[in-house]
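**Q** Here the protein sequences come in this chain order: A and B.
Residue 1 is where the first sequence starts when you use this note's numbering, and the numbers rise one by one after that.
Residue 90 is where the second sequence starts when you use this note's numbering, and the numbers rise one by one after that.
For each residue, glycine too, the CB sits at the ideal point set by N, CA and C.
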Amino acid sequence: MVSEKDVEHIGELADIGIDAAELATFTGQFNAIVEYFDVLDKVRGDDTGARDLYNILREDKVEPSLPHDVALGNAGAQEDGFIKAPRVM
Amino acid sequence: MSALRFEPDDKYNAFLAVCKEPKGGSGKLSGIPVAVKDNISTQGIETTCASKILKGYIPPYDAHAVALVKSAGAAIAGKTNMDEFGMGTSTENSAFGPTLNPRDTGRVPGGSSGGSAAAVAAGMVRMALGTDTGGSIRCPAAFCGIVGLKPTYGRVSRYGLIAYANSLETIGPMAANVSDVSLLMSVIAGHDKHDATSQDRPYTHTPSADIKGTRIGIPQEYFGAGVDPAVAAVVKKAIGRLEELGATTVPCSIPSMEYALAAYYVICTSEASSNLARFDGVRYGPAVETKKSWHAAFQDARREGFGPEVRRRIMLGTFALSSGYYGKYYAKAQVARENIRKDFARLFADVDVLCGPTMPTIAFRLGEKSDPLSMYLSDILTVPVNLAGIPAISVPCGTVQDMPVGLQIMGRPFEDERVIDVAYAYEQGGQP
């Protein structure tokens with residue numbers, strides 16, 4: 001059973017922003033879905049099928065990329081050619 | 090390059106952006122207008138994923154599939170409506186209003202590639218690109234009465250697809266008939282060095298209606314509880330036509346189906362919770378209030394920018410991956426996924442393809458499914474394919490209450506050609 005407090009906490013972890021007015025609805029829906037997920041308790045086996053997979057990495061050499069102004073073109077806010085972000089501390 | 094005129098009478102809200110004078114070129118798709126789902130990047134054309142948070146986003150590059158379509162001479166006709174970030178089964182979750190089903194405007198077109206399906210079904214374009222994470226090409230193809238192929242994972246590059254659940258999703262072709270789906274597939278398949286999961290498996294096939302000797306498995310779970318008996322009857326009749334065309338059928342079972350839907354939703358929401366972290370109003374999205382602290386600004390932007398289904402899935406994924414629940418949900422879902430892969434491999438040792446309905450019902454009415462879980466249950470017949478990474482196609486096979494029903498044909502990995510052939514055989518010889 002997931003409580004409203006739990007959903008509020010998950011919303012904080014996910015940085016999703018939950019309003020008090022939506023908490024009850026989200027919690028009810030959350031519980032129904034998570035209850036359905038519980039069918040996974042019956043899954044047998046612990047083999048996740050790890051096969052001979054390997055990472056595919058390109059050679060570490062400089063290749064052509066987007067120009068600076070184009071790369072910043074969709075940034076929310078800019079200052080002096082950098083992306084402007086909210087304060088962290 | 091020749092310019093076309095493209096000004097469709099879009100009564101169905103199928104398009105989010107229309108290119109009125111798209112340029113075509115020479116090649117296999119010369120002069121053909123092709124619509125592109127709005128989660129696939131198109132250089133210089135607004136790409137929003139049907140989300141407020143990406144309103145105004147202009148990609149600086151083309152997705153690999155779009156570049157290939159352009160180089161084959163096609164004209165990009167516009168961007169099609171969808172469930173926000175691909176999350177949904179009805180195209181009702183678009184921030185820009187739902188798409189209507191051209192066959193009955195009181196019903197949904199299916200999702201999440203509902204705009205692409207409606208654009209094709211209404212005759213506005215001959216072909217469209219969609220994406221399929223848990224059935225998002227096949228579902229709207231079935232509901233709108235067109236053909237849609239979910240290719241083998243890795244056969245079409247995902248470079249430029251705005252990621253929702255990387256390990257499940259793929260770009261694929263949609264069209265009114267199998268030949269056009271095959272033609273578009275021949276253009277978009279192949280290796281791309283920008284996508285580490287891309288395989289060097291080009292598609293050069295011409296559909297053949299000769300299916301004599303093809304062994305078709307009929308999983309009992311595809312005709313079980315939750316599947317409308319009227320839909321099941323139409324699909325069984327279609328399979329009967331395939332037998333008359335020379336195929337043989339074999340009853341079979343996929344026991345792991347019991348866990349497929351839960352495993353799918355745990356995995357896709359977990360991947361979404363990570364992928365969608367980038368939409369924060371800093372790198373993408375409307376500029377945030379920089380005087381606030383990071384988390385406060387971030388939360389404000391995401392509360393305003395994302396719709397309820399996206400927020401719900403991000404939270405579900407965060408929950409499933411959180412300390413204390415990881416083993417109960419995510420780890421178990423991965424075991425279930427492997428069991429599904431093994432079940433398919435076991436069946437494909439004996440049969441060439443599997444057949445069943447694409448969707449358990451016909452298209453539902455707009456607003457009919459307001460409860461998220463009941464909407465999720467609609468995906469029960471399509472998600473196993475994505476978990477296993479195999480190819481599957483939906484081809485129209487009849488109607489119930491004058492609404493289309495889709496026959497789903499699933500194949501071995503990289504045998505997209507064979508599912509195309511079985512669909513083509515049905516299309517050519519299926520009508521009594």
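(1) Span of the alpha helix (DSSP H) holding Q29/A?
(2) Going by other Cβ atoms of all chains shown within 10 Å of its Cβ, with 16 needed for buried, is N310/B buried or exposed?
(3) Just grab the DSSP bridge partners of R454/B for me.
(4) In angstroms with no decimal places, state the Cα-to-Cα distance between I343/B and R501/B.
(5) My output table needs one value for F104/B: the three-state DSSP class, helix, strand or coil.
(6) Between the stretch 413-433 of chain B and the stretch 346-360 of chain B, can you find at least three pairs of beta-carbon atoms closer than 8 Å?
(7) Strictly by DSSP, which residues pair up with T337/B?
(8) Closest to A264/B by CA distance: which of I235/B, P296/B and V339/B is it?
(9) Which same chain residues end up closer than 8 Å to V489/B when comparing Cβ atoms and leaving out the 5 residues on each side of it in sequence?
(10) On the CB-based measure, 16 or more other CB atoms within 10 Å of its CB, does E258/B come out buried or exposed?
(11) How is S483/B classed by DSSP in three states: helix, strand or coil?
(12) Rounded to whole angstroms, what's the CA-CA distance from I403/B to G17/A? Just pull it up for me.
(13) How would you call D151/B, buried or exposed, if buried means at least 16 neighbouring beta carbons within 10 angstroms?
(14) Using a Cβ-Cβ cutoff of less than 7 Å, which residues in the same chain neighbour G11/A once the five nearest sequence positions on both sides are dropped?
(15) Would you mind reading off the limits of the beta strand (DSSP E) that contains I498/B?
(16) Please confirm whether G73/A and I147/B have their CB atoms less than 8 Å apart.
(17) Anything in chain A within Cβ reach of S382/B, meaning under 7 Å, just list it in chain order.
(18) Could you compute how far the alpha carbon of A361/B sits from the alpha carbon of I479/B?
(19) Using only the alpha-carbon positions, how far apart do A24/A and S3/A sit?
(20) For the alpha helix (DSSP H) that K421/B lies in, which residues bound it at each end?
(21) Excluding sequence positions up to five away, which residues of its chain have a Cβ less than 8 Å from the Cβ of M1/A?
(22) By the three-class DSSP mapping on this structure, what secondary structure does C444/B have?
(23) Quick check on this structure: which residue in G204/B, L334/B, Y373/B and T358/B has the alpha carbon closest to the alpha carbon of A512/B?
(24) Distance check for F37/A and P485/B, CA to CA, integer angstroms please.
**A** The relevant details are as follows:
(1) Note, Q29/A: alpha helix (DSSP H), A20 to F37.
(2) The sequence shown places Glu at residue 310/B, rather than the Asn named in the question. Buried, since its Cβ has 16 or more Cβ neighbours within 10 Å.
(3) R196/B
(4) 15 Å
(5) Three-state result, F104/B: strand.
(6) yes
(7) Answer by DSSP bridge pairing, in chain order: R304/B.
(8) With distances taken between Cα atoms, A264/B lies closest to I235/B.
(9) D317, A319, V320, V323 and I451
(10) buried
(11) strand
(12) 11 Å
(13) buried
(14) G17 and I18
(15) M492 to G500
(16) yes
(17) P86 and R87
(18) Those two C-alpha atoms are separated by around 21 Å.
(19) 9 Å
(20) K421 to F437
(21) N31
(22) Of the three classes helix, strand and coil, the one that applies to C444/B here is strand, per DSSP.
(23) Of the candidates G204/B, L334/B, Y373/B and T358/B, the one whose C-alpha sits nearest the C-alpha of A512/B is L334/B.
(24) 32 Å
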